[in-house]
Structures are given as C-alpha cells and as structure tokens.
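*Asks:* Numbering (our numbering), first residue to last: 312 to 669.
Glycine residues also receive a C-beta, built at the ideal position from the N, C-alpha and C atoms.
Fair warning: this is a prediction, and the values are worked out from it, not measured in the lab.
Before we start, here is the structure in question, set down as structure tokens.
Here it is in structure tokens:
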C-alpha cells in the first residue's frame, strides 16, 4: 500500500476547524470549556492528521484519499486486527479518524491495531492537488460506478471495487491480519450494509474474518418484499406495503435494477444466494436511542416503508430478521442517550469492543 501526503497544511487546518464546528458546536472549546484549550486541541489534531494523510491506490491508476496509522504501527508483522472507518454524507474521513484514534489510544492499542479512515470524494469535496483522485456521485453508498477519473471520463470505478482493493492491500501490508472490522456511519453505514451482501471480499481475502458495523444508516437492504408493521396491541406483523411502489428494488431491496445487475456482473437472478450472504454475515446494527429525528434521513416512499426514523428502522429490521430468518447473525446495539452524531457514538462505551486487539 502506497503512502504519501495528500493535502497542503492549510487544507488540513481548515478540515480540523470544520470538525470543531460540526454537529452544532459553533465555538470549539477544550475539556475545560475555554477557547484557548479548543485552539490547542485543533493544533494537535492538525498535526495528527498531517502525519496520517494517506492515498490508497486503486485499479486504473486511480486513488482514494484518507488517513491511516501505518506510520505509527511498531510491528506490522504482529497486527491481527484492522478497523476501517467509512464516513457519512459530508464525506469527511478526518471526522472519523480522530475519535477512532482516541479510542485506540485509551486502550493502548494505537500501535497494534491498524486504523484506516477512507474518503469517497465528490467533485466538490475533493482536494485539487491529488492527482488521479476518483470522484464519486452521491450513490457511492450503494456501490455506484461513479468513481470518475479526472483525466479519462470512460475510466469509472465502483465504490465496492475500491473497497475490495483497499482491503486486499491491507492484508498484504499486515500479513498476519485475521479480522477486519468495517464501521460505517450514516451514509457510510448504508455503504457497509450493502457492501456486506454484494461484495466479493470474502473470496478475495479468505483468511480474514469480516465484521460489519452499521451505525445509524438512513435505510437498510431488505431480503424480501415484506416490511414490519406494528399492529393492534403492539403486535408485530409482516406485510407488503400497499401504497409504495419500487420499495423492494435495489438499494432498498434485492429486486433487480441496472446498478444491481452491473454490481453482480450478471442478471440479478441469484436472490437466494444473496439472502444467504445477508443472513450469514457477522453484522451489528448500531443506533442511538435518541436518533429519532429526520436530518439527512431518506424520506422517500420506499424508505418510509422501513419506519419513521433511524432508531425505529433498525429496531424493526433486526426484529424482522430474527423472526423470518432465525439463524441470522445480525444484532441490534443501542447507544444510550445518543442522537445522530458523527463522533460521539464512536467513543461510546457500547462501541468499545469493536476496537479490540483481535
């Protein structure tokens, strides 16, 4: 895996300033509440990100940008676990690298667990100084072939294929790796959910156990046309939504679309096989108990068949899986008192087990 600087220092500093202003915090401060402490923390974060800047080579001479702790890993040959963070809708990998780094540091594992936070940039968000940087459409979270080559518009890259390449390269950098945990938040969670079913990574890295953490997605991928409804006296029932159309087509379900067929490489007739992967995957659906708002929430008719908000949608979905597919390995992880936030859930006690050494 190739590593080199991605951003000018000013761009990194601007990214860190934006971090402090994210999630409704307009005046960044430190733990003591002072603006001075906040300024010191931003300076430290700028240095951390400058040290962690990474480009990830893709097929067709394209690259993705992001951050990693590769320069800080003492002994690559003994690393057995890697954590890969996938960002939300604002496409800001730095916002996810920093809290994940803090978790590993508190566990004294920062030099023993590989950490990557990768970005799927849009034309608007991409830094101009990175040559051959793939620029993705808003459908990157569904595996779209929107990774455009700035020098060759005919050279496109699926975001799923890009992740395959990154993970395979990761196993070469750390030859003893035995587990890779993918943690996606919001839009990144939608990516991880679909990727866990539709990617070929299990066959490309057969020695690795993959764990998927889907943190507060707007929607999930259903295996059939039934949706869970709460009936009289709180009873759960499964039925086809009467007022929705196309709600079971990809990316909401497995009914074929041109994108799904292209991702699979053939007409999407193998629904039974895909359902088997959906059931067998090691996956955790995590969500804050207060994540009941509608900011950045998909409110299309197809999405609304899954429930009114993120918390309810995930609760319904896991109950649906356990009822219809008892052997499903999926589980629901509730993060107490948490709303839709990009950083604090990562550092919550409930998420700590995903940052272990193995």
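Which parts of the region 474-534 are runs of the alpha helix (DSSP H), unbroken and 4 residues or longer, counting only runs that do not cross its ends?
*Replies:* 498-509, 512-515
*Asks:* Measure from the alpha carbon of residue 664 to the alpha carbon of each residue in 424, 452, 517, 549, then state which is nearest.
*Replies:* Closest by alpha carbon: 424.
*Asks:* Would you report the Cα separation of residue 512 and residue 492, rounded to the nearest angstrom?
*Replies:* 13 Å
*Asks:* May I have a chain-ordered list of the alpha helix (DSSP H) segments no shorter than 4 residues that lie completely inside the region 547-615?
*Replies:* 569-575, 582-591, 612-615
*Asks:* Where do the ends of the alpha helix (DSSP H) carrying residue 408 lie?
*Replies:* Where residue 408 is concerned, the enclosing alpha helix (DSSP H) stretches over 405-417.
*Asks:* Would you call the region 483-491 in contact with the region 437-445, where contact means no fewer than 3 C-beta pairs closer than 8 Å?
*Replies:* no
*Asks:* Judging by CA-CA distance, which residue of 364, 449, 380 is the nearest neighbour of residue 402?
*Replies:* 449
*Asks:* Counting pairs of Cβ atoms below 8 Å between the region 375-390 and the region 467-487, do you hit three or more?
*Replies:* yes
*Asks:* Could you name the residues of the same chain whose beta carbon sits closer than 6 Å to that of residue 650, not counting the 5 residues immediately before and after it, in chain order?
*Replies:* Excluding positions up to five away in sequence, the list reads 599, 601, 602.
*Asks:* For the region 527-535 against the region 553-565, are there 3 or more C-beta pairs whose distance is under 8 Å?
*Replies:* yes
*Asks:* Under the rule that 16 or more other beta-carbon atoms within 10 Å means buried, what is residue 372, buried or exposed?
*Replies:* exposed
*Asks:* Is the separation between the beta-carbon of residue 549 and that of residue 635 shorter than 9 Å?
*Replies:* Contact: yes.
*Asks:* Tell me which residues share the same chain as residue 407 and place their Cβ nearer than 6 Å to its Cβ, disregarding the 5 neighbours each side in the sequence.
*Replies:* 396, 398, 428
*Asks:* First and last residue of the alpha helix (DSSP H) that includes residue 633?
*Replies:* Residue 633 -> alpha helix (DSSP H) spans 621-635.
*Asks:* Helix or strand or just coil, what does DSSP make of residue 457?
*Replies:* In the structure shown, residue 457 adopts coil according to DSSP, grouped into three states.
*Asks:* Residue range of the beta strand (DSSP E) that residue 645 falls in?
*Replies:* In the DSSP assignment, residue 645 falls within the beta strand (DSSP E) that extends over 642-646.
*Asks:* Does DSSP classify residue 463 as helix, strand or coil?
*Replies:* strand
*Asks:* If you check the beta carbons only, do residue 596 and residue 643 fall under 9 Å apart?
*Replies:* Yes. Within cutoff.
*Asks:* Measuring straight from C-alpha to C-alpha, what distance separates residue 462 and residue 628?
*Replies:* Approximately 42 Å between the Cα atoms of the pair.
*Asks:* What are the boundary residues of the beta strand (DSSP E) that residue 430 is part of?
*Replies:* 425-430
*Asks:* Taking only the alpha-carbon atoms, compute the straight-line gap between residue 412 and residue 538 and give it to the nearest angstrom.
*Replies:* 38 Å
*Asks:* Starting from residue 376, follow its DSSP beta bridges and name the residues at the other end.
*Replies:* 366, 430
*Asks:* First and last residue of the beta strand (DSSP E) that includes residue 397?
*Replies:* For residue 397, the enclosing beta strand (DSSP E) stretches over residues 392-397.
*Asks:* If you draw a straight line from the alpha carbon of residue 353 to that of residue 551, how long is it in whole angstroms?
*Replies:* 50 Å
*Asks:* Going by DSSP in three states, residue 383 sits in which element: helix, strand or coil?
*Replies:* Correct three-state label for residue 383: helix.
*Asks:* Output yes or no for whether 9 Å exceeds the beta carbon distance between residue 469 and residue 588.
*Replies:* no
*Asks:* Short of 8 Å in beta carbon distance, which residues of its chain neighbour residue 656, apart from the five on each side in sequence? Order them along the chain.
*Replies:* The beta carbon of residue 656 lies closer than 8 Å to those of 496, 526, 527, 597, 599, 646, 649, 662 in the same chain, with the five residues before and after it left out.
*Asks:* Should residue 583 be labelled buried (16 or more other beta-carbon atoms within 10 Å of its own) or exposed?
*Replies:* exposed
*Asks:* Measuring only the C-alpha atoms, how far is residue 476 from residue 459?
*Replies:* Rounded to whole angstroms, residue 476 and residue 459 show a C-alpha spacing of 16 Å.
*Asks:* Among the candidates 381, 658, 367, 620, whose CA atom is the shortest distance from the CA of residue 472?
*Replies:* 367
*Asks:* Bridge partners of residue 539, per DSSP?
*Replies:* 549
*Asks:* Consult DSSP for residue 444 and reduce its assignment to one of helix, strand or coil.
*Replies:* strand
*Asks:* Pick from 514, 447, 504, 453: whose alpha carbon is nearest that of residue 479?
*Replies:* In terms of CA proximity to residue 479, 514 leads the group 514, 447, 504, 453.
*Asks:* Taking a contact to mean a Cβ-Cβ separation below 9 Å, would you say residue 370 touches residue 422 in this structure?
*Replies:* It is not a contact, given that the beta carbons lie outside the stated cut-off.
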